[in-house]
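Colleague: Numbering (the numbering used here), first residue to last: 43 to 199.
1. What are the uninterrupted segments assigned as beta strand (DSSP E) that are 3 or more residues long and contained completely in the region 103–138, given in chain order?
2. Taking Cβ to Cβ, would you say residue 107 is nearer than 8 Å to residue 98?
3. If you draw a straight line from the alpha carbon of residue 91 to that of residue 148, how long is it in whole angstroms?
4. Pick helix, strand or coil for residue 96, following the three-state DSSP scheme.
5. Taking residue 59 as the reference, give the member of 82, 169, 47 and 44 with the closest Cα.
6. Hey, could you find the ends of the alpha helix (DSSP H) residue 171 is sitting in?
7. Just how far apart, CA to CA, sit residue 94 and residue 103?
8. On the criterion of 16 or more Cβ atoms from any shown chain inside 10 Å, does residue 152 qualify as buried, or is it exposed?
9. Mind checking whether residue 44 and residue 161 have CB atoms under 8 Å apart?
10. According to DSSP, is residue 60 helix, strand or coil?
11. Beta-carbon separation of residue 168 and residue 71 under 8 Å?
12. What separation, rounded to the nearest whole angstrom, lies between the Cα atoms of residue 144 and residue 88?
13. Taking the continuous alpha helix (DSSP H) assigned at residue 87, which residues delimit it?
14. Report the rounded CA-to-CA distance for residue 68 versus residue 125, giving the unit in angstroms.
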């Protein structure tokens with residue numbers, strides 16, 4: 043199991059499909075996960091520090107978890123089957139809930155908990171970006187700095 047850092051989201055052209063990009067905290071593998079536009083917007087809003095006037099679904103879930111006296115401890119990307127990623131929310135007391143990675147990571151960003159990926163998922167879908175492609179990663183970071191959450195609202199997910 044490897045701890046992952048959320049690099050961000052971008053829209054893959056020409057299909058206008060949002061991609062969530064994770065990177066190993068203590069490694070050099072990246073994990074791209076295609077996600078829906080609503081979740082991409084939720085992740086981008088949180089990464090940019092934008093607070094909506096009313097809570098979004100992931101903000102509401104965070105508030106419900108707290109109101110019930112529970113604590114989210116971590117998120118795990120656990121499996122990849124036929125191109126579909128699976129994740130789990132790990133709560134205090136050993137409670138585990140199956141969830142989509144996009145929703146799980148949007149919630150993890152809001153609660154400040156770590157994101158992990160199983161080695162089997164990283165072995166199957168992880169990418170090592172050679173040094174000569176590091177400038178592409180920097181371009182991606184620059185893109186993330188310039189994109190606004192509204193850019194995702196028109197995409198179908």
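Backbone N, C-alpha and C define an ideal beta-carbon position, used for all residues, glycine too. A quick note: this is a predicted structure, and the numbers were derived from the prediction, not measured.
Modeller: Quick look at the numbers:
1. Fully enclosed beta strand (DSSP E) runs of 3 or longer: 114–123 and 126–133.
2. no
3. 13 Å
4. coil
5. 82
6. That residue, residue 171, is in no alpha helix (DSSP H); it is neither H nor E in DSSP.
7. 15 Å
8. buried
9. Closer than 8 Å, so yes.
10. In the structure shown, residue 60 adopts extended strand secondary structure according to DSSP, grouped into three states.
11. yes
12. 13 Å
13. 79–89
14. One C-alpha to the other measures close to 25 Å.
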